[in-house]
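full-length UniProt numbering puts the first residue of the sequence shown at 1, with every later residue one more than the last.
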Amino acid sequence: MPQTTIPIPLFAQTQQQLLLHEHEAEVSSSTLASTAASVSPSTRRTLQATGYALTGLVLSQCRTGLGGRVVGEFTADSAVTSSKNETDDGKGGEPRLGAHGIRVGDIVRVNEIGGSGGRKAGKEKKDKDKDTKGGDQQGLEGVVTRVGERSVWIAFGQRGGGGRPKEEDEAVEEFWEKKVWLIKLANDVTYRRMNQTMEKMNKMSETDHTHFMRVAFGHTTPLQPDYDAIGPVEFTDETLNGSQKEAIRFALAAREIALIHGPPGTGKTHTLIELILQLVQRKQRVLVCGPSNISVDNIVERLAPKKVPVVRIGHPARLLPSVLDHSLEVLTQTSDAAEIVRDVRKEIDQKQASIRKTRFGREKRAIYEDLKQLRREFRERESKCVDNLVRESSVVLATLHGAGGYQLKNQKFDVVIIDEASQALEAQCWISLLAASKVVLAGDHLQLPPTVKSANMKPGDAKTRDKKADGADDSKILKNVSLETTLFDRLLSMHGPGVKRMLTTQYRMHEKIMRFPSDELYESKLIAADAVKARLLQTLPYEVEETDDTREPVVFWDTQGGDFPEKAQDKEVGQKEALLGESKSNEMEALVVGKHVDALVQAGVRPEDIAVITPYNGQLAVLSQMLREKYPGLELGSVDGFQGREKEAVVVSLVRSNSEQEVGFLGEKRRLNVAMTRPKRHLCICGDSETISRGSGFLKRWMAFLEEHADLRYPDAGELL
């Protein structure tokens, strides 16, 4: 029998209350980040280093995007490019964007640098904004649709699915020949979709609950997998290992739920591709979702060569033709069904190009009025085209919140697959699951869950204390429900390991890098594939010198002894300190990191093959200042932001070193699991074993492991200064 039965309406009400608090926390941090349109250059750089902003941009071109929206391409301003290396090897190519945290799907505001920081607008527009927004709204809001090395694309007039076409057209025009920067805003589209989904769930009667919903909330137990019904499975990919084949058989035979547990580097996406092909062979229609665009695009990219009819809802993050060819954006231009919209799009683009040739205001206004009518017609025609394309597809792919868009209204699927399910809020998953009969969740619940900002808020921080979600009653709110508990976690704890299959062969890490996480977190079940278990930096497919660093898979720079103390952010930095919060930094440890990176590069390792990661934004800002200009190709990031990524060499700065031996959120073993499982050939840890080992049993065992199995080194503070 299930361990716990959860009342479905109460669960939905509780989620609504938690989501309200979370949205308030996100809005307050976003407000903090965008406190000024006219901030100093150094603060803009801090905003960029902490993932909030991207600065030093110019508008390079405009085009018509999905829904007839204006899409602007913003590239790095060559006038502020700091190094020749940021172009194509100094040969005069387009400058690259600096490292930043802006991602596809982010809602951003584009501001002009200097002056008021916003676009110049007429009094009428300003007054309108004051009336509608409660203040003088500076800049222009849009959604990031593509992010490349050299440019970022933003669709305007998309927030909340509406937009004012005439005004957006005119407003984007004003960015020509201006230096601009963009800042990330709270995403209320995702919040609204999650809230609407929970509202629907709350109002469903018992007869509306699917069998899957009853299983998911413990009202009934999962039925036994029906292996007889699926018969013998002929795998299309003979390279699959035994654990991958077993996971696929189990997912095919499961009646309502299958969890595929994919530890780092175990080929989870590879397994899902085969599963999708098997389902399509069995004439089943599949919806594939993920929490981020990149998680979905990875699957599109690998499915594309398999000749399966697929449609990608939304905007692909990668610009590979194989991905673009299957996106709705391209299909509505290139497929047979697209004929009905092609001529209107062409007319829109021609009118848009004519605006800059027109000097007189009256003529411009007439063109904008024509554009408004054309966009309306475009949207109506495109809607029919989209519906036809989606209906004819065996596999539809979308982000979790994208699954709540108009394109999937009234569409029916036999199976819903959610990749990276352990990184998604449960309410986000239900956007695609309210009508589902069978669900496959793939992920790793032993890596970081989704970021929940309200989890760290002190009582009274949020303005939502006295607010209630519609229909919520505090006396009926479930106390043991939290946003940090994912659907993957909850189903596993509710129904036990019988609903899960784990992938056990990993194809990423050297055996020594893999050993500790395997023993501590994965029941010693991980096996390093023959091709990776002994690979080192010195065996990279280009010339690398054999040194003490390139022949070692694991290096530990132990900074114990008190010469490498951490510090909290300086109180004098004002706005910067507010952005970095309580974040810690350790400048002496950063020097150790820099020295190690220097040694790797001098031995011949390319900076592009190296990542430097740290759990603390304060330390990330210090490392960025020290290394970014020296090695533009080097990747610098937070541990949390690097989840799902990999590099040949990874250097981790742990930061914490204090006489109280406090480790703070470094005590979260899932965060450290992410940090130690990113590299393929070389892992370097920099940290104070005395402080770290006192944090928890896990940390103590990790320090003991490093002392015994890593190449142990003690830096000399005197030599670094």
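Note that the Cβ used here is the ideal one computed from N, Cα and C, for glycine as well. Owing to the predicted nature of the structure, the values given are computational and were not obtained by experimental measurement.
- The beta-bridge partner set that DSSP reports for Ile8 is empty.
- If you compare the alpha carbons of Ile276, Arg359, Leu433 and Leu331 with that of Val386, the shortest gap goes to Leu331.
- As a beta-bridge residue in DSSP terms, Val108 pairs with Gly142 and Lys184.
- Beta-bridge pairing by DSSP links Glu73 to Gln61 and Trp153.
- Under the 10 Å beta carbon count, Arg69 is surrounded by 16 or more other beta carbons and is classified as buried.
- In this model, Glu363 and Leu371 are separated by some 12 Å (Cα to Cα).
- Under the criterion of beta carbons closer than 8 Å, Ser454 and Glu22 qualify as touching, at roughly 4 Å.
- Excluding the 5 residues flanking it on each side, Ser624 has same chain C-beta neighbours closer than 6 Å at Ala49 and Leu636, in chain order.
- For Lys533, the secondary structure class from DSSP, reduced to helix, strand or coil, is coil.
- In the same chain as Val71, and ignoring 5 residues on each side of it, the C-beta atoms closer than 8 Å to its own belong to Cys62, Arg63, Thr64, Gly65, Thr145, Trp153, Ile154, Ala155 and Phe156, in chain order.
- Where Met502 is concerned, the enclosing beta strand (DSSP E) starts and stops at Lys500 to Met502.
- Taking Met676 as reference, the option from Glu246, Gln619, Val452 and Gly265 with the minimal CA-CA separation is Gly265.
- Rounded to the nearest angstrom, the Cβ distance from Thr236 to Glu274 is 6 Å, consistent with a contact under 8 Å.
- In the three-state scheme derived from DSSP, where H, G and I count as helix and E and B as strand, Gly231 is classed as coil.
- In this structure Gly231 is exposed. Its beta-carbon is surrounded by fewer than 16 other beta-carbon atoms within 10 angstroms.
- In this structure Phe556 is buried. Its beta-carbon is surrounded by 16 or more other beta-carbon atoms within 10 angstroms.
- Nearest neighbour of Asn241 by Cα position, chosen from Lys533, Gln506 and Val390, turns out to be Gln506.
- Secondary structure note for Lys178: it is in no beta strand (DSSP E), with a DSSP letter that is neither H nor E.
- Put simply, of Gln538, Met626, Val39 and Asn388 the residue whose alpha carbon is nearest the alpha carbon of Leu408 is Asn388.
- Contact annotation: Gln411 and Val390 have beta-carbon atoms nearer than 9 Å.
- Per the C-alpha coordinates, the member of Gly218, Ile299 and Glu246 positioned closest to Thr5 is Gly218.
- Restricting attention to Glu256, Tyr368, Asp444 and Val310, the CA atom closest to the CA of Arg670 is found in Asp444.
- Counting along the chain, Leu591 sits inside the alpha helix (DSSP H) bounded by residues Glu587 to Gln602.
- Take the alpha-carbon of Glu199 and the one of Leu19: they are about 12 Å apart.
- Straight-line measurement puts the Cα of Glu662 at about 48 Å from the Cα of Gln224.
- Shortest Cα-Cα distance from Asp419 to any of Ile348, Met509, Val296 and Asp519 involves Val296.
- In this structure, the CA atom of Leu537 is about 26 Å from the CA atom of Glu520.
- Here DSSP, grouped into helix, strand and coil, assigns Pro541 to coil.
- Around the Cβ of Asn111, a 10 Å sphere holds 16 or more other Cβ atoms; the residue is buried.
- Excluding sequence positions up to five before and after Gly562, its CB lies within less than 8 Å of the CB of Ser657 and Ser659, all in the same chain and listed in chain order.
- Taken through DSSP and simplified to helix, strand or coil, Ala528 comes out as strand.
- Taking the C-beta atoms as reference points, Leu259 is found no nearer than 9 Å to Val172.
- With a cut-off of 8 Å on Cβ pairs, the segment 537-550 is not in contact with the segment 693-703, counting fewer than three such pairs.
- Counting the other CB atoms within 10 Å of its CB gives Tyr522 a total of 16 or more, which places it among the buried residues.
- Secondary structure at His682: strand, using DSSP grouped into helix, strand and coil.
- With 16 or more other Cβ atoms from the protein chains shown falling within 10 Å of its own Cβ, Leu654 counts as buried.
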